[in-house]
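In the numbering used here, the protein residues as written are 2 to 576.
Contents: one structure, followed by commentary.
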Amino acid sequence: MKFTAMLTKRFKDTPADCQIASHIFMIRGGYMKNVGNGIYSLFPITKRITSKIERIMREEMDAIDGQEVLFPVAMPAGIWKESGRYDAIGSELVRFKDRGGNDMVLGMTHEEAAVQLARETADSYQQYPFMIYQIQTKFRDEPRARGGLIRVREFTMKDAYSFHTSKEDLEQYYMRCYKAYERIFARCGVPEVISVKSDSGMMGGKVAHEFMLCTPVGEDSLVVCRECDFRANMETAECVYDDLGGEMKELQKVATPEMKTIEDVCAFLSADTKRSVKAVVYQKETDDKYVVAFVRGDIEVNEVKLRNYLKSEIYPAQELEKAGLAAGFIGPRGLSSQVQAVYDISLKTCPDLICGANEEGYHLTGLNMDRDVGSVEYTDIGKAVQDGICPVCGKRSLSLTRGIEVGNIFQLGDKYTSSMGMKYIDKDGTLKTPIMGCYGIGVGRLAASVCEAHHDDYGPIWPMSIAPWQVQLCALRADDQEVRAFADKLYEDLQATGIEVLYDDRPVSAGVMFSDADLTGIPLRVVVSPKGLKNGTVEISKRDKSLLEKVEAGLALDSVKTLVKDMLAELGCDR
RNA sequence: CGAGGUGUAGCGCAGUUUGGUAGCGCGUUUGGUUCGGGACCAAAAGGCCGUGGGUUCAAAUCCCGUCACCUCGACCA
2 MKFTAMLTKR FKDTPADCQI ASHIFMIRGG YMKNVGNGIY SLFPITKRIT SKIERIMREE
62 MDAIDGQEVL FPVAMPAGIW KESGRYDAIG SELVRFKDRG GNDMVLGMTH EEAAVQLARE
122 TADSYQQYPF MIYQIQTKFR DEPRARGGLI RVREFTMKDA YSFHTSKEDL EQYYMRCYKA
182 YERIFARCGV PEVISVKSDS GMMGGKVAHE FMLCTPVGED SLVVCRECDF RANMETAECV
242 YDDLGGEMKE LQKVATPEMK TIEDVCAFLS ADTKRSVKAV VYQKETDDKY VVAFVRGDIE
302 VNEVKLRNYL KSEIYPAQEL EKAGLAAGFI GPRGLSSQVQ AVYDISLKTC PDLICGANEE
362 GYHLTGLNMD RDVGSVEYTD IGKAVQDGIC PVCGKRSLSL TRGIEVGNIF QLGDKYTSSM
422 GMKYIDKDGT LKTPIMGCYG IGVGRLAASV CEAHHDDYGP IWPMSIAPWQ VQLCALRADD
482 QEVRAFADKL YEDLQATGIE VLYDDRPVSA GVMFSDADLT GIPLRVVVSP KGLKNGTVEI
542 SKRDKSLLEK VEAGLALDSV KTLVKDMLAE LGCDR
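This is how it looks when you write it as structure tokens:
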């Protein structure tokens, strides 16, 4: 590709809307153009990147016996009503009517379509297991798109669905897919992507992992052990607490006027917040019933865990007085029987606690859960903390970090196959319901994540495997006849050997040419200049600055060929 | 959905307090001089000041409505 023929435009100024590196560079470098909120058109440079990512995905999916299919973007709502998600999912699912007045949806994920495709086809156990996948557009009407391609409303996703006749078979295939995902990320140049245990949320199923690129700009909170393999999304991370020790004391009621926060009360009583009880009030969606979550004073409530425990949606509570709750003075002892209490396991660590007295202006000290509240069920509803105890190795080694979710895998079980009536005839002649797994990676988000992971102050540094072109050829002084002739020839020769070249043949100054090259982020650069040619050399360098050498002009072609091959091989992309 | 912010040329911004008919830098076009890290000189094109209404002799500027976008939070298969 000649630069002069390419539809592109670069910007010197950082656009006002951009916050994170990938977004800034992808706008400044002319990678994409915003069409609407969370909706982008991609320029050729980005399309080339995503096509390469897709190709790697295809190769790895095919390698684990996947079969590529294509589901529709717009589909009748009927199959979504069958699965129950038409009603269960909120306004992220775009619903509309066709001209006949029929309910339609835009696909935000394709479990329903996958089951619809397979259910009459795979009617014998002999056809199992199998996996089908597609790479296609999804539309999710996100409440808030952000960060360029990190979170958008319309995007391309590789989504795969596997079908099995036994849990063991699903688990085995799940591991194969897990390994394939590791290969995909490694080949795309981000081997640092880690997997974490995750909450399965609305997808259903029990076992799920997310693949995360750790970065401060990530949207998810992660809990990672510095000493062992334990890694989990904050939403699901189990908590373990040390026994704080101490003596049982007498229960006493103390006046704490106007002290509504844990900090106020503990400061007033000169106590550690760890020796207090925090009460957080929620309301359930279903019946408006009040729920009080009790956790140790220094711990925060993990609402995802609480939601899963209650098996109900929860919302911040309104109008506490109605339920007989004294805001700021709520405690486990003498709590109104109108409200449901949930006790966190952190409360078991201390025999002598401070808590609200359920009376405006009073707290209790010396509370002992067993003695003063009685035998209650404890459950894990706390948020993991920095330097907390690892639930696997037991060391005080937890670290909190943030990550971008670049992929996820779920063992779905029979959520969709049973609600949509998918059956096969087993060996023994009986009808059985198959079980499923599903596996997704967002293509554009992965591209942006690679940019987040690999960039410098001047632009992205694309890994050779997904770079828009493999080599950037810069003709410094394209108006110089000798330079022009040599660069033209090298361009043709490189292309003839199958190397992808972006040839900057513009008669612009070195500064412009180099800064544009930095923004394009092509991993290998060849500079042809009058100065160099005078000495019979051209300059070859790597975008990441790990190489800068002068090569005899006649050897440039071979040298580039070798470098491209080696750089691909490093990423496991030598074919 | 809650809180805050911004809409003026392709991009980045000033002008709004104190109404007077629109400006700067970058980019683009043309001519010339430069040339290894975003060069210089000269000329030029390009804007119903998000949008609807109101006040006024007069509105980018004041008032009311509305839409869009951004940030944080909520939510997120």
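Don't be surprised by glycine CBs; every beta carbon is placed ideally from N, CA and C.
In the DSSP assignment, the alpha helix (DSSP H) including residue i goes from what residue to what residue?
i    : result
E571 : 557-571
G165 : Note that residue 165 is His in the sequence shown here, rather than Gly. Counting along the chain, H165 falls outside any alpha helix (DSSP H), though it belongs to the beta strand (DSSP E) covering 155-165.
K48  : 45-64
Y174 : 168-188
H1   : In the structure as shown, the chain begins at 2 and stops at 576. Residue 1 is therefore absent and cannot be evaluated.
T521 : 511-521
E113 : 112-119
R446 : 444-454
D265 : 263-269
E553 : Not the alpha helix (DSSP H): E553 falls in the beta strand (DSSP E), residues 549-553.
Y242 : Here Y242 belongs to no alpha helix (DSSP H), and DSSP marks it neither H nor E.
To the nearest angstrom, report how far apart residue i and residue j are at their CA atoms.
i    : j    : result
V539 : K562 : 15 Å
A557 : L413 : 53 Å
Q137 : L223 : 29 Å
D388 : E211 : 22 Å
E239 : V296 : 14 Å
P469 : K424 : 45 Å
H456 : P392 : 35 Å
M109 : N409 : 15 Å
R11  : K535 : 32 Å
K551 : K532 : 12 Å
A114 : V281 : 41 Å
S52  : V293 : 51 Å
R372 : G332 : 15 Å
E220 : D429 : 49 Å
G101 : G438 : 35 Å
Within the same chain, show all residues whose beta-carbon is closer than 6 Å to that of residue i, passing over the 5 residues directly before and after it, in chain order.
i    : result
I263 : T274, S277, K279, G298
G335 : N359
Q253 : T366, G367
K34  : S42
T350 : Y242, D244, L245
I25  : T15, C19
E155 : I40, F140
R184 : E61
Q305 : The identity of residue 305 in the sequence shown is Val, whereas the question assumes Gln. Once the five neighbours on either side are set aside, the close Cβ partners of V305 are D200, E236.
With DSSP as the reference, please indicate the residues paired to residue i in a beta bridge.
i    : result
V484 : Beta-bridge pairing links V484 to no other residue.
H210 : K198, I410
K98  : D104
R147 : R152
R397 : In DSSP, R397 forms no bridge with anything.
Y440 : A161, I410
E540 : V528, K551
P461 : H456
Excluding the 5 residues preceding and the 5 following residue i in the sequence, name in chain order all residues of the same chain whose CB lies nearer than 7 Å to its CB.
i    : result
V95  : V106, L107, F140, D142
R485 : A476, A479
R308 : E314, I315
S516 : Y459
H165 : Y129, P130, L171, Y174, P435, I436
A342 : V293, F295, P333, L336
For the beta strand (DSSP E) that contains residue i, what are its first and last residues?
i    : result
A294 : 291-297
T138 : 131-140
C475 : 472-476
Q68  : 67-69
V343 : 341-345
N369 : That residue, N369, is in no beta strand (DSSP E); it is neither H nor E in DSSP.
N38  : Unbroken run through N38: none, as it is neither H nor E.
Quick one: measure Cβ to Cβ for residue i and residue j, integer angstroms, because I've assumed they're closer than 8 Å.
i    : j    : result
N234 : S199 : 4 Å
G1   : V208 : Look at the range of the chain in this structure, 2 to 576, and you will see that residue 1 is not part of it.
E453 : I21  : 7 Å
V218 : Y291 : The Cβ separation is near 37 Å, so there is no contact.
T5   : D506 : 5 Å
Y126 : I426 : 7 Å
I442 : M158 : 7 Å
S420 : G85  : 6 Å
I300 : C178 : Incorrect: roughly 35 Å between the Cβ atoms, too far for contact.
L525 : V565 : 7 Å
Please list, in chain order, all residues of the same chain as residue i whose beta carbon is under 8 Å from its beta carbon, the five residues on each side excluded.
i    : result
L118 : V70, F72, I133
C267 : D273, T274, R276, S277, G298, I355
C574 : I57, R188, M465, S466
Y379 : Y344, D345, I346, L348, K349
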